[in-house]
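Protein chains in written order, with the working numbering: chain C, 418 to 552; chain V, 418 to 552.
These notes are about the structure you will find just below.
2 protein chains.
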Amino acid sequence: MNSPSRCELTEEDYEAFQWDTREDCEVRQILDRVADKWSLLVIALLDRNTLRFTELKYKIDGISQRMLTTTLRHLERDGLVSRTVYPVVPPRVDYALTPLGMTLHKTIQSLVTWTEDHQSEIAVARARYDKRVTA
Amino acid sequence: MNSPSRCELTEEDYEAFQWDTREDCEVRQILDRVADKWSLLVIALLDRNTLRFTELKYKIDGISQRMLTTTLRHLERDGLVSRTVYPVVPPRVDYALTPLGMTLHKTIQSLVTWTEDHQSEIAVARARYDKRVTA
DNA sequence: GATCTTCGGACACTATCGGTGACCATGGAA
DNA sequence: TTCCATGGTCACCGATAGTGTCCGAAGATC
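The following block contains the structure:
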């Protein structure tokens, strides 16, 4: 880790953990975006469904209008989501996954599946931990 | 979405997007934890490696001591990471993935791999978007 | 034609959360 | 005796996310 401006790995690093953990590394930046809690939900919801802004807002419980707007902007900028504006009144804006977004969807779905499959184990672990701490 | 205190889905919801998006749903809570940017890095780094606190702090560029502490506490509570304290001076604390954490590692690694595989596409999309916006 | 409604979004304000730097305990090294 | 290394904790502060309000435009209603 000698050159902070590049994403280079020594062989030692490769052996040890295979990917760059430097903050300014592009992979890190994309991961931060993709692993965002709202982004995950948006991408998961847009699988096979074109949705309007209001539909997304309705389906994602707890998201604010502002966060949905910024999340969609980010995803659009990254080429994961397409935004189609219809010049009608009241306005209609459709959001859908791009082909690139669809490739990501598989991975995100596996994350969701993992969570569903292991939520009881996690609940048990949490209960055990809390018991240990308060004891 | 009529009962805010339970994680129940109507058949319509299942057809439409397959998982609960309610904010108080346990899956959502676990996802928020697991999809955290620091958690991702910690889990990825702990693959096949037991690491000490300082090693993690050194390897994860940009993480503060407080965030590393809280992230590790969360992961420990969720049963994904084990914490071993050696009663020596100066203190020595080892962190490692639990079996449960190892099952998550595969998914996280696929997320990282996706990011690596598509970072150039994303860079292109971003450039195009920025050009369109500033134009 | 006045007014209401709808939808996507901008904006100002506020609360919360993460970052920063100081401090701590301890025993061995210098 | 002083210093340091290690794994933390804590108080403070700024950035970031959340909340509520307002908006623009056209069609429906009266």
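All residues carry an ideal CB built from backbone N, CA and C; glycine is no exception.
About 4 Å separates the Cβ atoms of Thr-488(C) and Trp-455(C), confirming a contact at the 8 Å cut-off.
For Val-444(V), the C-beta contacts it makes with chain C under 9 Å involve Val-529, Thr-532, Glu-533, Gln-536, in order along the chain. With contacts defined by Cβ atoms closer than 7 Å, Leu-457(C) and Ile-525(C) form a contacting pair.
Per DSSP, Ala-540(V) has no beta bridge partner at all.
The stretch 530 to 547 of chain V and the stretch 495 to 509 of chain C touch, with no fewer than 3 CB-CB distances between them shorter than 8 Å. Chain-ordered, the chain V residues with CB closer than 7 Å to the CB of Thr-524(C) read Ser-527, Leu-528, Trp-531. Assignment of Ala-452(C) by DSSP, reduced to helix, strand and coil, places it in the coil class.
Contact check between the stretch 473 to 482 of chain C and the stretch 473 to 492 of chain V: fewer than three CB pairs, one atom from each, fall below 8 Å, which does not count as touching. The Cβ atoms of Val-505(C) and Phe-470(C) lie no closer than 7 Å to each other.
Ala-452(C) places its beta carbon less than 7 Å from that of Ala-452(V).
Among the residues of chain V, none has a CB under 8 Å from the CB of Lys-474(C); the nearest is roughly 11 Å distant. Between Thr-467(V) and the set Val-529(V), Thr-501(V), Lys-548(V), the nearest pair of CA atoms involves Thr-501(V).
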